[in-house]
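Take the sequence shown: its letter number 78 is residue 77 in numbering that gives the first Met the number 0, and every next letter is one higher. For reference, the structure discussed in these notes is given below.
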Amino acid sequence: MGQDQTKQQIAKGLQLYQSNQTEKALQVWTKVLEKSSDLVGRFRVLGCLVTAHSEMGRYKEMLKFAVVQIDTARELEDADFLLESYLNLARSNEKLCEFHKTISYCKTCLGLPGTRAATQLGGQVSLSMGNAFLGLSLFQKALESFEKALRYAHNNDDTMLECRVCCSLGSFYAQVKVGPAPQGGR
């Protein structure tokens, strides 16, 4: 399967996915993965599979595709693709409550040489790292990571990231039970 066909099939899968025909979309993307020789296309379809499995709660499958995506990024020898794939690996480990691994993969992302994707994904990396620190009850580090992610969101007008950070901050404050003192009785 060539580059154009790969793009068409990825788009077809996205269309199916967005119309809630998830299993059909997964079949299309899996077929692309089996037949395509286009590395960039394979990388993209792996990203679709990672996202779909994440949204469906199939975190072990998500992890499996994230690992294959890293191998593809290495073949492409592209730092942006490598950053994106390591972030997917970090997120899948976060979902599986493998928080030490999540932190390690996030640090790998942050240690990659300056990339175009770093400005776009830096906030996502900080958010994932914050969630992992929160999972380990390392509250100060979690708060610092969330604040960093929030700065990325504000600096890049990324309202979706801002919303996700606020949700994580809500979880943070619920865990540490910080808030106004309860009002006394009558």
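Virtual Cβ for every residue (Gly too), placed ideally from N, Cα, C.
Would you kindly report the start and end of the unbroken alpha helix (DSSP H) that includes residue i?
i, result
"Gln-4", "2 to 17"
"Gln-174", "158 to 175"
Of all the options the options, which has the alpha carbon lying nearest to the alpha carbon of residue i?
i, options, result
"Gln-4", "Gly-56, Met-128, Ala-51, Lys-30", "Lys-30"
"Leu-48", "Phe-64, Leu-168, Phe-145", "Phe-64"
"Tyr-85", "Phe-98, Ile-69, Leu-75", "Ile-69"
"Tyr-58", "Asn-92, Asp-37, Lys-140, Arg-73", "Asn-92"
"Cys-166", "Phe-98, Asn-130, Arg-73, Glu-143", "Asn-130"
"Ser-36", "Glu-54, Ile-9, Gly-1", "Gly-1"
"Tyr-16", "Lys-34, Phe-171, Ala-72, Val-44", "Val-44"
"Arg-115", "Thr-50, Phe-80, Gly-46", "Phe-80"
"Cys-105", "Glu-146, Leu-95, Asn-87", "Asn-87"
"Ala-24", "Leu-62, Arg-150, Leu-32, Lys-11", "Lys-11"
"Phe-138", "Glu-54, Ser-170, Leu-38, Lys-34", "Ser-170"
"Glu-143", "Asp-156, Glu-22, Met-128, Leu-135", "Met-128"
"Thr-21", "Val-66, Gln-119, Ser-53, Leu-168", "Ser-53"
"Arg-90", "Leu-75, Leu-109, Thr-50", "Thr-50"
"Ala-117", "Leu-75, Leu-135, Leu-82, Gln-174", "Leu-82"
"Leu-109", "Val-67, Lys-147, Arg-163, Asp-157", "Lys-147"
"Leu-75", "Asp-157, Val-164, Leu-38, Met-159", "Leu-38"
Helix or strand or just coil, what does DSSP make of residue i?
i, result
"Gln-26", "helix"
"Ser-53", "helix"
"Asn-155", "coil"
For residue i, is the beta carbon positioned less than 8 Å from some heavy atom of the ligand ADP?
i, result
"Thr-5", "With respect to small molecules bound, the structure shown includes none, and the ligand ADP cannot be examined in it."
Report the rounded CA-to-CA distance for residue i versus residue j, giving the unit in angstroms.
i, j, result
"Asp-77", "Lys-176", "43 Å"
"Gln-26", "Gly-40", "16 Å"
"Ile-9", "Thr-71", "17 Å"
"Gly-122", "Ala-152", "7 Å"
"Lys-100", "Asn-19", "32 Å"
"Asn-154", "Glu-161", "10 Å"
"Trp-28", "Gln-7", "11 Å"
"Gly-56", "Leu-62", "11 Å"
"Leu-149", "Leu-133", "16 Å"
"Leu-32", "Arg-73", "17 Å"
"Ser-103", "Gln-14", "35 Å"
"Lys-34", "Leu-120", "29 Å"
"Gly-46", "Ser-125", "19 Å"
"Ala-141", "Tyr-172", "11 Å"
"Phe-98", "Phe-42", "25 Å"
Looking at chain B, is there any beta carbon in it that lies within less than 9 Å of the beta carbon of residue i?
i, result
"Phe-64", "Looking for chain B here will not work: only one protein chain is present."
query: Enumerated in chain order, which unbroken segments of the alpha helix (DSSP H) with a length of 4 residues or greater are wholly contained in the stretch 69 to 146?
result: Counting only runs of 4 or more, we get 78 to 94, 98 to 110, 115 to 134.
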